[in-house]
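Structure record follows, encoded as structure tokens.
Residue numbers (the numbering used here): 221 to 385.
Here it is in structure tokens:
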């Protein structure tokens, strides 16, 4: 199996933007519109977040990030990390890159003291749902701009106690 080279980049780095544009086009294809969740690139910078890009032979093929949330309840709890923009390009799919990206996002969130990863996905993304479910994510009440959308699904994974240095 080929390994993906995962690097920390700014949310607005050209390679990040290229992949984010592709994921937004994927949403248009599947749902008719891009994701309209408000996103500030600064939210994906340390220490309150991270954005990762995965490379295969120097070509950006995968991305994902998390941003910290510490409330307000009931949507978010203290110590939450919201996953956003998880994506793998079509030619790179089926090689385990999404699972590798998810594992690295979880690892970095735990190391930053986050206690839980939360995310919103859609029912027209069965591959994403299968990945998250097989990685230990379970259903939670809907949150964000899609809280009343019948095609929205929100999931979370608890980390338990944060590891100490």
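The C-beta atom is built at its ideal place from N, Cα and C for all residues, glycine as well.
Pull the bridge partners of residue 274 from the DSSP assignment, please. Here residue 274 refers to the residue found at position 54 of the chain shown. Note: residue 274 sits in a beta bridge opposite 226 and 282.
On the three-state DSSP scale, how would you describe residue 326? Locating residue 326 in the chain shown gives position 106, counting from the first residue. Three-state result, residue 326: helix.
To the nearest angstrom, report how far apart residue 237 and residue 230 are at their CA atoms. Within the chain shown, the letter at position 17 stands for residue 237. Within the chain shown, the letter at position 10 stands for residue 230. Near 9 Å, if we compare the C-alpha coordinates of residue 230 and residue 237.
What does the alpha-carbon distance come out to for the pair residue 340 and residue 258? Position 120 of the chain shown, counted from the first residue, corresponds to residue 340. Position 38 of the chain shown, counted from the first residue, corresponds to residue 258. Cα-Cα distance, rounded: 13 Å.
Less than 8 Å between the C-beta atoms of residue 324 and residue 272, yes or no? Here residue 324 is taken as the residue at index 104 of the chain shown, counted from 1. Here residue 272 is taken as the residue at index 52 of the chain shown, counted from 1. Yes, they are a contact pair.
Does the Cβ-Cβ distance between residue 336 and residue 295 come in under 8 Å? Within the chain shown, the letter at position 116 stands for residue 336. Within the chain shown, the letter at position 75 stands for residue 295. Result no, Cβ atoms of residue 336 and residue 295 do not sit closer than 8 Å.
Using 10 angstroms around the beta-carbon of residue 277, count the other beta-carbons present and answer buried if the total reaches 16, otherwise exposed. Sequence index remark: in the chain shown, residue 277 carries index 57 (1-based). So residue 277 counts as exposed.
To the nearest angstrom, how far is the alpha carbon of residue 360 from that of residue 374? The count along the chain shown starts at 1 and reaches residue 360 at position 140. The count along the chain shown starts at 1 and reaches residue 374 at position 154. Computed Cα separation, rounded: 6 Å.
By DSSP, does residue 232 sit in helix, in strand, or in coil? Counting from 1 along the chain shown, the entry for residue 232 is found at position 12. Residue 232 falls in the coil class under three-state DSSP.
Chain-order list of residues whose beta-carbon lies under 7 Å from that of residue 376 (same chain, five-residue window excluded): Locating residue 376 in the chain shown gives position 156, counting from the first residue. Result list for residue 376: 336, 337, 338, 357, 358 and 360, in chain order.
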